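Chemist: Residue numbers (UniProt numbering), protein chains in the order written: chain A, 1 to 213; chain B, 1 to 213. C-beta atoms are modelled at their ideal positions from N, C-alpha and C, and glycine is treated no differently. These figures come from a predicted structure and were not determined experimentally.
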DNA sequence: TCAAAGACTATACAAACGTGCAATAACTAT
DNA sequence: ATAGTTATTGCACGTTTGTATAGTCTTTGA
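This is the structure in structure tokens:
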């Protein structure tokens, strides 16, 4: 239809405003995302924000959705990819959860800013749970597949506990890897994550090749 | 306000104002800590805040110091205690880092709120680094002592990597344990942390007794 | 070519913000 | 008792906040 072009324009502007919002939040925290600061960061007038978003809160919620998208995209790509070897799948999932594009102080700042709002904003809490619960439960099938391929059998409760431990070590390594260091690179944390997974699951994991993803 | 007021020692009043500040931040995020909201939460007038704190920012900084104190107190107590067995020391440190009083959604909210401000506020960043770096390096001697007691020798780099992995899994378990769940208790996360430590370090650890700390 | 639509600007406004300050009530020392 | 100190109040000021609204500029469809 001919109104597709118009819609496309609006979508681009919305995305640009969301990006400006994230810039403000990463820089000054959630209270830095004022309509005036966001408008200035996007190079538009104050009134335009209310033209694209009914309220400022809606804009911030959209910025939160975008943050979750950025955080989960690499993992989702691994889960969607058709990789035969369960060991390879697990190793790539670990790498996608710790390193690469999400190992970034800016993303950590955004994550913390929204995290601190979950108590205050029920809608934000709803968005969080909707994205976090699937992520948390994505480790169990990965582990189960590896164990099946090894011909080992674990009690269901044991798999659940291992998944919690794996999620924890990956989250902790992501967090530490985001903070600026002089010694370690984010790739070092990926390597530590793989070693930790080998120790926790008592398996050998392939090291991901140099190709991205 | 009432026409008569109770007078307080300056130190007590400051502590009460800090507590009220933390209440506001945990509830509404960092932007919820307005002078009016804090004054209302503490049951005092607006002007009193400026009498005890030169600026509102100073009050928030003090609230951050208090948060760090709450977070590190249990670990510090373990490190200060005279426990002969290195294995027992390590196990108690792990327990103090994951469970007990710091396994609390309120503390997680506070931690996230301040975390999101580190980019914006250099003084806050300074306070963070001053407390975080010692905490991060407290795992290495604990691990080294356990290994020495076992008669095992690890390369220095290997100890460093194990300490990073241990810190990560403990931080991740603390984080997950703070979030409200129906299934697991914070004590379950402590148990998973101890199991993970045993797998990572390939040692057996004693389970802490029921006595607190 | 021209009216309709909508993306966009400019400005105004009430509420909430941090801070300044004079007045007051409660404690302390003598 | 009384003077001095200070914890505390109450209010006012200028600034910043989100939102509302009227008007301008650009694009679109026939």
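Any chance you could list the alpha helix (DSSP H) runs of at least 4 consecutive residues sitting entirely within the UniProt DNA-binding region "H-T-H motif" (34-53) of chain A, in chain order?
Modeler: Taking only runs of at least 4 residues, the alpha helix (DSSP H) segments lying wholly in the UniProt DNA-binding region "H-T-H motif" (34-53) of chain A are 35-42 and 47-52.
Chemist: Would you report the Cα separation of residue 51 of chain A and residue 23 of chain B, rounded to the nearest angstrom?
Modeler: C-alpha separation (whole angstroms): 36 Å.
Chemist: Using a beta-carbon distance below 9 Å, is residue 27 of chain B in contact with chain A?
Modeler: Yes, residue 27 of chain B counts as interfacial toward chain A.
Chemist: Quick check: residue 199 of chain B and residue 200 of chain A, are their CB atoms within less than 9 Å of each other?
Modeler: Yes, Cβ-Cβ distance for residue 199 of chain B and residue 200 of chain A is below 9 Å.
Chemist: Check each residue of the region 133-163 of chain A: if its Cβ is closer than 7 Å to any Cβ of chain B, include it; give the result in chain order.
Modeler: Per Cβ criterion, the list reads 161.
Chemist: Does chain A have any CB closer than 9 Å to the CB of residue 192 of chain B?
Modeler: Yes, contact with chain A.
Chemist: Which value, in whole angstroms, describes the spacing of the CA atoms of residue 162 of chain B and residue 174 of chain A?
Modeler: Between residue 162 of chain B and residue 174 of chain A, the C-alpha separation is close to 16 Å.
Chemist: What does residue 59 of chain B reach in chain A if we use C-beta pairs closer than 7 Å?
Modeler: Neighbours of residue 59 of chain B on chain A: none; closest Cβ ~15 Å, over 7 Å.
Chemist: Going by DSSP in three states, residue 116 of chain B sits in which element: helix, strand or coil?
Modeler: Correct three-state label for residue 116 of chain B: coil.
Chemist: What separation, rounded to the nearest whole angstrom, lies between the Cα atoms of residue 86 of chain A and residue 94 of chain A?
Modeler: Each residue's alpha carbon lies about 12 Å from the other.
Chemist: Give the DSSP-derived three-state secondary structure of residue 56 of chain B in the structure shown.
Modeler: Helix at residue 56 of chain B.
Chemist: Would you please verify whether the beta carbon of residue 35 of chain B is less than 9 Å from any beta carbon of chain A?
Modeler: Chain A, which has no Cβ nearer than 9 Å to the Cβ of residue 35 of chain B, makes this no.
Chemist: Extract the residue ranges of the alpha helix (DSSP H) inside the region 127-213 of chain B, only unbroken runs of 4 or more that lie entirely within it.
Modeler: The qualifying runs are 139-149, 156-178 and 186-201.
Chemist: If you follow the alpha helix (DSSP H) that residue 97 of chain B is part of, which residue opens it and which one closes it?
Modeler: Residue 97 of chain B -> alpha helix (DSSP H) spans 86-98.
Chemist: Classify residue 53 of chain A: buried if its beta carbon has 16 or more other beta carbons within 10 angstroms, exposed otherwise.
Modeler: By the 10 Å Cβ count, residue 53 of chain A comes out buried.
Chemist: In whole angstroms, give me the CA-to-CA distance for residue 77 of chain A and residue 97 of chain A.
Modeler: Roughly 11 Å between the two C-alpha positions.
Chemist: Between the region 163-190 of chain A and chain B, which residues of the former have a C-beta closer than 8 Å to a C-beta of the latter?
Modeler: Against chain B - using a Cβ distance shorter than 8 Å - the residues of the region 163-190 of chain A are 164, 165, 167, 168, 169, 170, 171, 172, 173, 175, 176, 184 and 189.
Chemist: Which residue wins for smallest C-alpha separation from residue 157 of chain B, given the options A/143, A/183, A/148 and A/134?
Modeler: Residue A/183 is the option with its Cα nearest to residue 157 of chain B.
Chemist: Can you tell which of B/59, B/131 and B/170 has its C-alpha closest to the C-alpha of residue 188 of chain B?
Modeler: Closest option to residue 188 of chain B, Cα to Cα, is B/170.
Chemist: Taking a cut of 7 Å between CB atoms, which residues from the region 103-122 of chain A lie near chain B?
Modeler: Residues passing the 7 Å Cβ filter: 109, 112, 113, 115, 116, 117, 119 and 120.
Chemist: What distance in whole Å lies between the Cβ atoms of residue 69 of chain B and residue 127 of chain B, which are believed to be in contact at a cut-off of 8 Å?
Modeler: Wrong, their Cβ atoms sit about 11 Å apart, outside the cutoff.
Chemist: Quick check: what's the CA-CA separation for residue 185 of chain A versus residue 177 of chain A?
Modeler: Whole-angstrom Cα-Cα distance: 7 Å.
Chemist: Answer yes if the region 133-153 of chain B comes into contact with the region 116-125 of chain B, meaning at least three C-beta pairs across the two stretches below 8 Å, and no otherwise.
Modeler: No contact exists between the region 116-125 of chain B and the region 133-153 of chain B.
Chemist: Could one say the Cβ of residue 200 of chain B lies closer than 9 Å to chain A's Cβ atoms, at least one of them?
Modeler: Chain A, which has a Cβ nearer than 9 Å to the Cβ of residue 200 of chain B, makes this yes.
Chemist: Please report whether the beta-carbon of residue 32 of chain B lies at a distance below 9 Å from any beta-carbon of chain A.
Modeler: For residue 32 of chain B, the answer is yes, since a Cβ of chain A falls inside 9 Å of its Cβ.
Chemist: Give me, in chain order, the residues of the same chain whose beta-carbon lies closer than 8 Å to that of residue 138 of chain A; leave out the 5 immediate sequence neighbours on both sides.
Modeler: Result list for residue 138 of chain A: 75, 79 and 93, in chain order.
Chemist: Give a yes or no on whether 9 Å exceeds the smallest Cβ distance from residue 196 of chain B to chain A.
Modeler: True, the Cβ-Cβ gap to chain A drops below 9 Å.
Chemist: Report yes if the CB atom of residue 192 of chain B is closer than 9 Å to the CB atom of residue 26 of chain A, and no otherwise.
Modeler: In this structure, residue 26 of chain A does not lie closer than 9 Å to residue 192 of chain B by Cβ.
Chemist: Considering only their Cβ atoms, is the gap separating residue 109 of chain B from residue 219 of chain B smaller than 9 Å?
Modeler: Any question about residue 219 of chain B goes unanswered here, given that chain B covers just 1 to 213.
Chemist: Flag this pair as yes or no: are the beta carbons of residue 197 of chain A and residue 90 of chain A separated by less than 9 Å?
Modeler: Yes, Cβ-Cβ distance for residue 197 of chain A and residue 90 of chain A is below 9 Å.
Chemist: Skipping 5 residues on each side, what residues in its chain have a beta carbon closer than 7 Å to that of residue 32 of chain A?
Modeler: Contacts found: 24 and 25.
Chemist: Counting only the same chain and skipping the five closest in sequence on each side, list residues whose C-beta sits under 7 Å from that of residue 205 of chain B.
Modeler: Around residue 205 of chain B: 87, 90, 91, 194, 197 and 198.
Chemist: Residue 203 of chain B to residue 111 of chain B, Cα distance in whole Å?
Modeler: In a straight line, the C-alpha of residue 203 of chain B is about 32 Å away from that of residue 111 of chain B.
Chemist: Might you give, ordered along the chain, the residues of its own chain that have their beta carbon closer than 6 Å to the beta carbon of residue 154 of chain B, omitting 5 neighbours on each side?
Modeler: These residues qualify, in order along the chain: 147.
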